[in-house]
Amino acid sequence: MSMNKKQVLFIGAGRMAQALIKGLDKNEFDIVVGNSGNEGRLREVKEAFDVETTNDWSNEIRKMDIIILAMPPASHDDILAKLSETIREQVIITVAAGIDPTHLESKLPKGTPVAWVMPNTAAKLGKSMTLYALGQHVNQEQQEWIEKLICGIGEFEKVTERQIHELTAVTASAPAFIYRLAEALEQITIESGVSEAQARKLVANMIAGSAEMLKTNVAPAELVDAVATPGGSTAAGLEVLDINHLDHLMIDAIEACRQKAMV
Ligand SMILES: NC(=O)c1ccc[n+]([C@@H]2O[C@H](COP(=O)([O-])OP(=O)(O)OC[C@H]3O[C@@H](n4cnc5c(N)ncnc54)[C@H](OP(=O)(O)O)[C@@H]3O)[C@@H](O)[C@H]2O)c1
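In terms of our numbering, the sequence shown opens at residue 540 and continues consecutively.
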């Protein structure tokens, strides 16, 4: 078993790296973590997750099977240039917004297997809805490693590179839309005289329960019908949302995210 253990290097030790490291099966992967020099952060990571750390990740590259880039998009081109000097057949994975497989392939030696993984902030709790797309040179076995790496942060779905560009707005940005909705509902709830903690409990569990219902694969429209009797009180509320075109508002909000991401 241990003979087949894969050697994984993280370049970047922040929130996303830590969420991934937390979810990794140590029977499958040996982990080394590097960053841009914040030694305190490396000590924290070592202590929290019992992994190896390095203050010179470039020394580790030759031993690695997989390299995960968990740092800002703007740092990528420098790091990719550095990696290009030493990598052989390692799989290079990025979690950075906007850095797609076409870009990775254009900066790395020909034939390098690459992947783009797009988690969301719920990765912290192992509840991310993660999208991933592969480059042209990833084989079946490597795809399996990639899925083993990301299954620890939640659910995942393989899509195309173009689809990640379009759907990041839904899986990674739209959680903020839900939180905005929660903010408004909490405010209304507090106005009934309950405490902030009670309002948080009511709203959070209402949303969590609704999400669980959606996960049973019943269509949202059917779930709406199950709550709203025609002519009843819920229907009156839905009418307000419909008159004000909640659907158009969602389309516009998603479109705004997409436009901004293209800049
Ligand atoms: N947080 C999320 O929910 C989320 C979701 C989807 C995608 N992402 C993507 O994940 C990536 C990391 O985000 P994060 O939230 O984990 O950021 P973060 O908490 O700010 O951590 C960034 C990490 O990158 C390291 N770093 C920065 N520049 C570097 C360089 N030139 N060389 C090596 N390491 C460098 C930092 O090193 P030091 O430790 O030395 O400061 C730090 O460890 C970003 O590209 C982001 O787009 C994040």
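Using N, Cα and C, we set each Cβ at its ideal position, and we do this for glycine too.
Inset, instruction - Would you give the residue range spanned by the beta strand (DSSP E) that I703 belongs to? - result: Counting from one through the sequence shown, the residue named residue 703 turns up at place 164. Unbroken run through I703 is the alpha helix (DSSP H), E700 to T707; no beta strand (DSSP E).
Inset, instruction - Report the residue from K561, A552, K646 and G576 whose alpha carbon sits nearest the alpha carbon of L619. - result: Working through the sequence shown from its first residue, we reach residue 619 at position 80. Nearest option by C-alpha distance: K646.
Inset, instruction - State the beta-bridge partners of Q546 as determined by DSSP. - result: Here residue 546 corresponds to residue number 7 of the sequence shown, with the count starting at 1. Paired residue(s): D569.
Inset, instruction - Report the rounded CA-to-CA distance for P648 versus L622, giving the unit in angstroms. - result: Here the question's residue 648 lines up with position 109 in the sequence shown. Here the question's residue 622 lines up with position 83 in the sequence shown. The straight-line gap from Cα to Cα measures roughly 9 Å.
Inset, instruction - Please name the residue, chosen from T773, V572 and P714, that lies closest to S597 on a Cα-to-Cα basis. - result: As a first step, residue 597 must be located in the sequence shown, where it is residue number 58. When each option's Cα is compared against that of S597, the closest is V572.
Inset, instruction - Give me whichever residues DSSP pairs with W655 in a beta bridge. - result: For the purposes of this step, residue 655 is taken as the residue at position 116 of the sequence shown. DSSP output for W655 lists T633 and A672 as bridge partner(s).
Inset, instruction - Counting only the same chain and skipping the five closest in sequence on each side, list residues whose C-beta sits under 6 Å from that of V677. - result: For the purposes of this step, residue 677 is taken as the residue at position 138 of the sequence shown. These residues qualify, in order along the chain: P652.
Inset, instruction - Using alpha carbons as the reference points, say which of A711, A792, N566 and Q629 lies closest to A635. - result: Position 96 of the sequence shown, counted from the start, is the residue given in the question as residue 635. A635 has its Cα closest to that of A711, out of A711, A792, N566 and Q629.
Inset, instruction - Determine which residues share a DSSP beta bridge with G693 and list them. - result: For the purposes of this step, residue 693 is taken as the residue at position 154 of the sequence shown. Note: G693 sits in a beta bridge opposite S667.
Inset, instruction - Return yes when at least one heavy atom of ligand 1 lies under 6 Å from the C-beta of R601, else no. - result: By one-based count along the sequence shown, residue 601 stands at place 62. The answer is no for R601.
Inset, instruction - Pair every Cβ in the stretch 769–776 with every Cβ in the stretch 747–758, then say whether three or more of these pairs are closer than 8 Å. - result: no
Inset, instruction - Could you tell me how far apart the beta carbons of E545 and I605 are, in whole angstroms, since I believe they sit closer than 8 Å? - result: Residue 545 sits at position 6 when you count from the first residue of the sequence shown. Residue 605 sits at position 66 when you count from the first residue of the sequence shown. Residue identity check: residue 545 is Lys in the sequence provided, not Glu. Yes, they are in contact, since the Cβ atoms of K545 and I605 sit about 6 Å apart, within 8 Å.
Inset, instruction - Output the distance between the C-alpha atoms of Q682 and V590, rounded to the nearest integer angstrom. - result: As a working mapping, residue 682 is identified with position 143 in the sequence shown. As a working mapping, residue 590 is identified with position 51 in the sequence shown. Distance between the alpha carbons of Q682 and V590 is about 24 Å.
Inset, instruction - Give me the Cα-Cα distance between D569 and S731, rounded to the nearest whole angstrom. - result: Within the sequence shown, the letter at position 30 stands for residue 569. Within the sequence shown, the letter at position 192 stands for residue 731. Rounded to whole angstroms, D569 to S731 spans 53 Å at the Cα level.
Legend entry - Unbroken stretches of the beta strand (DSSP E), 3 residues or longer, contained in the stretch 552–622: 568–573 and 605–608
Inset, instruction - Evaluate N783 with the Cβ neighbour count: other Cβ atoms within 10 Å of its Cβ, from every protein chain shown; 16 or more gives buried, anything less gives exposed. - result: Counting from one through the sequence shown, the residue named residue 783 turns up at place 244. Exposed.
Inset, instruction - Answer yes or no: the CB of T660 versus the heavy atoms of ligand 1, is any distance below 6 Å? - result: Counting from 1 along the sequence shown, the entry for residue 660 is found at position 121. True, at least one ligand heavy atom lies under 6 Å from that Cβ.
Inset, instruction - Excluding the 5 residues preceding and the 5 following F549 in the sequence, name in chain order all residues of the same chain whose CB lies nearer than 6 Å to its CB. - result: Within the sequence shown, residue 549 is the residue found at index 10, counting from 1. If we look at F549 and ignore the five residues flanking it on each side, its Cβ neighbours are A556, V572, I607 and A609.
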